[in-house]
Amino acid sequence: MKRSGYIAYGIAVAAITLLTADATISALAVAYDVAERVTALAVVGWLAASFVPISLSVLIWIADRRVESHWDWLPHLLFIPTAIAVVRLGSSLYLEETGLPPDSMMTDFTLLTAASYVSLALVVHFIAFVAAVVRATHRLGGS
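Counting from 1, position 65 in the sequence shown corresponds to residue 65 in my numbering; the numbering is continuous, with no gaps.
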């Protein structure tokens, strides 16, 4: 990714943060009042669901920029199921520890930032995967 790509990615993350912060913070406050209990594991689950995928995405981009390989498409491909799994596990841990119902609107708003970040990262990595496959195919073709 070129420098302008990093800047655009950073702007998109900042925009998501600004757009979802109010709803997420309000929903977390209500969830704290409604939940039977809020444990450290619930906080860890919420943080994992919200921030691990976007952090992993940044690490993959940094590594991809530093290492030139014929397999540069592989980290982007592996990121997709890994990010989905992390969000699912983190949100499951959060819901289990707080006792909140998984199908409530309050739960949806508490995990709004996580869903937005992972959606952005999945789109970016899918596009990067397709571009890397096209580059690899082009290199193999010898053109």
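Cβ coordinates follow ideal geometry from the N, Cα and C atoms, glycine included.
Tell me which residue opens and which closes the alpha helix (DSSP H) that residue i is part of.
i	result
G5	R3 to V34
L89	L74 to T98
D53	Here residue 53 turns out to be Pro, not Asp, going by the sequence shown. Per DSSP, P53 belongs to the alpha helix (DSSP H) from A40 to R66.
D108	M105 to T110
Would you tell me roughly how many angstroms separate the C-alpha atoms of residue i and residue j, rounded to the nearest one?
i	j	result
A189	L111	Nothing about residue 189 can be read from this structure; the chain reaches only from 1 to 143.
A8	W73	21 Å
W61	R3	11 Å
R135	F79	19 Å
G45	L140	43 Å
Would you mind giving the Cβ-Cβ distance between residue i and residue j, rounded to the nearest angstrom? I have them listed as a contact below 8 Å.
i	j	result
Y117	I16	6 Å
Do residue i and residue j have their C-beta atoms within less than 8 Å of each other?
i	j	result
R37	G90	no
P53	V30	no
A114	A49	yes
V34	M105	no
A132	A83	no
F126	A23	no
By a C-beta neighbour count over all protein chains shown, 10 Å radius and 16 as the cutoff for buried, is residue i buried or exposed?
i	result
H76	buried
V130	exposed
V124	buried
S69	exposed
T137	exposed
A14	exposed
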